[in-house]
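The next block holds one structure in the form of C-alpha cells; read it before the comments.
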Amino acid sequence: MNQVPLLSVHDLKTYFYLEQNRIAKAVDGVSFTVSPGETVAIVGESGSGKSITALSIMKLIEKPGKIVEGSIHLEEKVISSLSSKQMTKLRGNEIAMVFQEPMTALNPVYTVGNQITEMIRKHRKLDKKQAQIEAINLLKIVGISRAEDVVNDYPHQLSGGMRQRVMIAMAISCNPKLLIADEPTTALDVTIQAQILDLMVEMKERYHMALLLITHDLGIVSEYADRVVVMYGGQVVEEAPTKQLLRTTKHPYTKGLLESLPNLKEDVDRLGTIKGTVPPAYALPNGCRFYDRCPLAMEKCKEANPELYQVNTSHTVRCYLHEKEEIE
Amino acid sequence: MTTTLPQAATKEALLDVHHIKKYFPIKGGIFRRTIGHLKAVDDVSFSVYKGETLGIVGESGSGKSTLGRVILKLMDPTEGEIYFNGNEISKLKQREVRPYRRDMQMVFQDPFGSLNSKMSVAELIEEPLVVQTSLSKQERKHKAIEIMEKVGLRADDRMKYPHEFSGGQRQRISIARALIIHPQFVICDEPVSALDVSIQAQVLNLMKDLQDDLSLTYLFIAHDLSVVKHISDRIAVMYLGRIVEIAPKKALYDNALHPYTQGLLASIPVIETEETGTKREKVRITGDLPSPVSPPSGCPFRTRCPMAHERCSVDRPELTMVGDDEHYVACHLYT
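The listed protein sequences correspond, in order, to chains F and E.
Heads up: the first sequence at position 126 corresponds to 125 in numbering that gives the first Met the number 0, and the numbers run straight through without jumps.
Heads up: the second sequence at position 77 corresponds to 76 in numbering that gives the first Met the number 0, and the numbers run straight through without jumps.
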C-alpha cells in the first residue's frame with residue numbers, strides 16, 4: 000500500500016526500570032505502520048511486548064515504565080510529543096482502545112448509560128438528553144437488542160460478550176480513525192468471540208476505521224488481519240501480508256508457533272514444539288533473542304542480533320537465514 | 000422415551016456415569032430458604048473405556064468442570080450413579096472413597112492455584128505418597144525423582160518452590176503429582192488453557208506420551224475444540240449441563256449433527272493459507288448462554304438454535320444413536 004500511513008510507529012522503545020537496577024526492555028525498537036482502513040495484527044506470546052506496544056501508542060505507560068525512544072505519528076500529528084492534556088483529547092476522539100477484560104475497563108458503580116454519555120459529552124457538544132439518545136443508538140448499532148433497558152444496567156448485570164459490546168459502543172462513539180483492540184476476545188467463549196470479532200469488522204467498515212488487533216491467536220489473525228507483525232522478545236521478528244506470512248513463513252519462531260497449534264482439519268500424532276520458554280525482558284540474550292530456542296541456530300546468531308531483512312517488497316524477517324534474500 | 004447409553008459391548012468401560020445430576024441450591028429471602036436450583040449438570044450419562052481419552056468440550060457454564068469434580072467425588076452428585084471399574088462409588092462416604100483416589104487423579108487448570116506455594120516441589124510431588132502409601136522417606140524420594148524425570152523436570156530442582164517455575168513447568172509438577180501413585184484414570188480440567196501455544200504443545204505431547212507409557216485413561220475437559228480434538232479418541236459436547244452430542248472425534252468433526260456442535264465448529268478461527276479472496280460465510284450462534292437457573296424448557300439450545308421448531312420447546316430430546324459408529328445426538332432433527 001502506497002498511501003500515507005494512518006499510524007506509524009518508528010523505533011519505539013519502552014523500558015521498565017525494576018528493582019536492583021534491572022531494566023526490562025518490554026518493547027525494544029519496534030517499527031510498523033497501519034494504513035487507513037487496514038487491519039493489522041500484532042501477534043506474539045505472553046512477554047513478547049505486544050500489549051506494551053499498544054499501551055505505548057495510547058501513552059498509557061505508567062511508572063516504572065517509560066517510553067525511552069522512538070516516535071509515533073498519527074497522520075501528521077506526532078503523538079509521542081503530545082502533552083498529557085492533548086493526549087486525553089486525542090484518546091477516544093481519534094484513537095480508541097478495547098481491552099481484554101471489559102469488567103476492569105468499565106466502572107462498576109456507574110450504569111452503562113452514564114459511562115457512554117460521559118464519553119460522548121467529553122468529546123462532542125451534546126446535552127444530557129441528546130447524549131442519552133445517542134448512547135441508546137450506539138448500543139443498538141453494536142447489536143444490543145434491549146438497548147433501552149441495558150442503558151440503565153450496571154456492568155455486572157451484563158454477560159462478558161455484552162460488556163465487550165458496550166466497550167465497542169464507547170470506542171466508536173466519537174468516530175475514531177484507529178481502533179486498537181488488545182486481546183478483545185480472549186476472556187470470551189468461542190461462540191461469543193466470533194460474534195464480537197464479526198462486530199468489530201462490521202464497525203470498522205461502517206466507520207472507516209483502521210484496526211490494530213493485538214492477539215496471541217493465529218487463527219484470528221488468519222481470518223481477520225490484512226497484515227501481520229510477529230513479535231518476540233520485545234522486537235518485530237517477521238512482518239508480511241497475512242496470507243503471505245502463513246504460506247511462506249520465514250522466521251523459525253513463526254514456523255514453530257504455527258506447527259505447535261493443534262489443527263482441526265488434519266490429525267497429527269505429535270505437535271511441533273518450541274523448546275524452552277520466552278526469555279524475561281530484563282535478561283535478554285545479546286545475540287538473536289530466539290537463539291536458545293531456535294532449532295536452526297548458528298554460531299553467529301549467538302554473537303549479534305540480526306537486523307530486519309527486507310526479503311520482498313512487503314515481507315521482512317529478522318533472521319540470518321534470510322540475510323542473503325534481502326532486496327535493495 | 001428410552002435413554003440409550005453410549006456403550007459398546009466390545010469395549011471395557013473403566014468409568015460409567017448414569018444419569019448424573021448436580022444441582023446447587025440458590026438461597027434467598029430473609030430466612031435464606033432455597034428459592035431455586037442452579038442445574039450445573041442435568042442428567043448426564045456416558046462411559047469412558049479403558050485406555051481411551053474422552054474429551055468433554057463446552058463453553059463456560061456448560062457444567063463440564065462440575066462434572067469432573069462430581070466424578071472425582073470432590074462433590075456429591077444430587078442424583079445418579081458413578082461406577083468405577085464396576086464398583087458404585089457415588090454413594091460412598093469421603094473416607095470410603097480414599098482407596099479409589101489412588102486410581103483416580105486430577106490435573107487442574109491453574110498451576111498457580113492448585114500448588115501450595117509454601118511447599119517445595121519434592122513435598123508437593125511426594126504428598127500423594129504420604130497420604131496413600133506407607134513408603135519410607137527414601138522410597139518416596141526415589142519415586143519422586145523417577146516421575147520428575149518422566150515429566151521432563153530436572154531432579155536437581157526438587158528443593159525449589161512453585162513460583163520459581165514457568166507456567167508450563169508448573170503444569171508438569173501438577174502432572175507429576177497426579178501420576179506418582181500410578182492411577183489408572185486421570186481427569187484433566189483445562190490443563191493447558193493457561194499456557195502459551197508453544198508451551199501448550201509441549202504439555203499436550205507429554206500427556207500423550209505418558210498415556211502410552213503408563214496405559215492411562217483420560218477424561219479431558221476443555222473449552223478449546225482444537226486441543227480436545229488433538230488429544231481425544233471420542234468427544235462429548237456439553238451445553239447447559241447436558242451432553243448434546245457424543246461421538247468418535249472423526250465423526251464429530253467430519254459430520255457434526257447437533258446445531259450447537261456445528262455452530263461451535265464454525266466459530267473457531269482457522270488458519271487459511273489459500274488466497275481465496277472471499278471470506279466464507281459462516282453460521283454463527285447468536286445470543287448468549289441462557290441462565291442455568293432457569294434453563295429453557297425442552298431442548299436447552301432451542302433459544303439460540305437456527306433450526307428450532309415447536310417440538311423443541313416441549314420435548315426434551317434424549318441422546319439417541321444416529322447411524323452406527325457410536326455417534327449419539329440429542330436433537331429432534333434426528334428422531
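Just so it is clear, CB atoms sit at the ideal spot from N, CA and C, and this is done for glycine as well.
For residue i: DSSP bridge partner residues
i         : result
Val-106/E : Cys-187/E
Val-196/E : For Val-196/E, which the question treats as bridged, DSSP gives no partner whatsoever.
Leu-37/E  : Phe-23/E
Val-228/F : Ile-41/F, Glu-238/F
Asn-20/F  : DSSP output for Asn-20/F lists no bridge partner at all.
Leu-138/F : Beta-bridge pairing links Leu-138/F to no other residue.
Leu-73/F  : Leu-6/F, Lys-76/F
Glu-201/F : None; Glu-201/F has no bridge partner.
Gln-93/E  : Bridge partners of Gln-93/E: none, in fact.
Val-43/E  : Ile-19/E
Gln-309/F : Thr-315/F
Val-29/F  : Leu-11/F
Asp-181/F : Ile-213/F
Thr-343/E : Residue 343/E is absent from the model: chain E starts at 0 and stops at 334.
Ile-81/E  : Val-16/E
Asn-86/E  : Phe-83/E
Gly-67/E  : Note: Gly-67/E sits in no beta bridge, so no partner.
Lys-65/F  : Tyr-14/F
Within chain E, partners of residue i - CB distance below 9 Å
i         : result
Glu-44/F  : Asp-195, Val-196, Ser-197, Ile-198
Met-161/F : Asp-287
Asp-212/F : First, the residue type needs correcting, since residue 212/F is Leu and not Asp in the sequence shown. In chain order: nothing, as chain E lies at least about 12 Å away.
Residues that residue i contacts on chain E, provided the C-beta gap is smaller than 7 Å
i         : result
Gly-271/F : Ala-200
Lys-88/F  : Chain E residues near Lys-88/F: none, gap ~35 Å exceeds 7 Å.
Ser-344/F : Because chain F is modelled from 0 through 327, residue 344/F falls outside the range shown and cannot be assessed.
Beta-carbon separation (whole angstroms), residue i vs residue j, contact threshold 8 Å
i         : j         : result
Ala-246/E : His-326/E : 4 Å
Ser-47/F  : Met-230/F : 4 Å
Ala-239/F : His-314/F : 4 Å
Met-103/E : Phe-83/E  : 7 Å
Val-8/F   : Val-227/F : Not a contact, Cβ separation roughly 15 Å.
Gly-28/F  : Lys-12/F  : 6 Å
Gly-218/F : Ile-270/E : 6 Å
Val-33/F  : Leu-59/F  : Actually they do not touch by this definition, with Cβ atoms about 18 Å apart.
Gln-131/F : Gly-112/F : 6 Å
Ile-220/E : Ile-29/E  : Their Cβ separation, rounded to whole angstroms, is 38 Å, which puts Ile-220/E and Ile-29/E out of contact at 8 Å.
Met-218/E : Gly-85/E  : Going by the sequence as given, residue 218/E is Leu instead of Met. That belief does not hold up - the Cβ atoms of Leu-218/E and Gly-85/E are roughly 17 Å apart, past 8 Å.
Lys-213/F : Ala-53/F  : Before going further, note that residue 213/F is Ile rather than Lys in the sequence given. Right, the Cβ-Cβ distance comes to about 5 Å (below 8 Å), so this counts as a contact.
Ser-225/E : Pro-261/F : 4 Å
Val-173/F : His-122/F : It should be noted that the sequence gives Cys, not Val, for residue 173/F. Their Cβ separation, rounded to whole angstroms, is 4 Å, which keeps Cys-173/F and His-122/F in contact under 8 Å.
Ala-303/F : Gly-36/F  : 38 Å between Cβ atoms; not a contact.
8 Å Cβ cut-off: residues of chain E touching residue i
i         : result
Pro-278/F : Chain E residues near Pro-278/F: none, gap ~11 Å exceeds 8 Å.
Asp-216/F : Pro-268
Met-255/F : The residue asked about is misnamed: residue 255/F is Gly in this sequence, not Met. Going along chain E in sequence order, the residues near Gly-255/F (Cβ under 8 Å) are Ser-197.
Ile-219/F : Pro-268
Ser-172/F : Per Cβ cutoff of 8 Å: no residues; Ser-172/F is ~23 Å from chain E at best.
Within chain F, partners of residue i - CB distance below 7 Å
i         : result
Asn-204/E : Arg-269, Leu-270, Thr-272
Ile-284/E : Thr-190
Ser-165/E : Thr-276
Thr-272/E : Lys-242, Leu-245, Arg-246
Listed by chain order, chain F residues near residue i by CB distance under 9 Å
i         : result
Lys-228/E : Pro-261, Asn-262, Leu-263, Asp-266
Ser-225/E : Gly-218, Leu-260, Pro-261, Asn-262, Leu-263
Minimum Cβ-Cβ distance from residue i to chain A less than 8 Å
i         : result
Ile-143/F : Going by chain labels, chain A is absent from the structure shown, which instead holds the protein chains F and E.
Beta-carbon neighbours of residue i, restricted to chain F and to distances below 8 Å
i         : result
His-222/E : Asp-188, Val-189
- Query: Considering only residues of the segment 103-127 of chain F, which uninterrupted alpha helix (DSSP H) runs meet the minimum length of 4 residues and lie entirely inside it, listed in chain order?
  - Reply: 111-122
- Contact set between the segment 51-72 of chain E and chain F, restricted to residues whose Cβ is under 7 Å from the partner: Glu-58, Ser-59
- Query: What are the complete alpha helix (DSSP H) segments, minimum 4 residues, inside the segment 190-275 of chain E?
  - Reply: 196-213, 224-230, 248-253, 258-266
- In the segment 175-206 of chain F, which residues sit with their C-beta less than 8 Å from some C-beta in chain E, listed in chain order? Asp-188, Val-189, Thr-190, Ile-191, Gln-192, Ala-193, Gln-194, Leu-196, Asp-197
- Message: Quick check for students: name the residue ranges of the alpha helix (DSSP H) that lie wholly in the segment 75-99 of chain F, counting only runs of 4 or more.
- Response: 83-92
- In chain order, what residues of the segment 221-247 of chain F put their CB closer than 8 Å to some CB of chain E? Ser-221, Glu-222, Tyr-223, Lys-242, Leu-245, Arg-246
- Within 8 Å of chain E by C-beta, residues of the segment 67-99 of chain F in sequence order: none
- Task: May I ask you to list, following chain order, the residues of the segment 239-269 of chain E that have a beta carbon less than 7 Å from some beta carbon of chain F?
- Result: Tyr-252, Gly-262, Leu-263, Ser-266, Ile-267, Pro-268, Val-269
- Item | Contact set between the segment 50-63 of chain F and chain E, restricted to residues whose Cβ is under 7 Å from the partner | none
- Message: Going residue by residue through the segment 249-315 of chain F, where are the continuous alpha helix (DSSP H) segments of at least 4 residues, counting only ones entirely within it?
- Response: 251-258, 298-302
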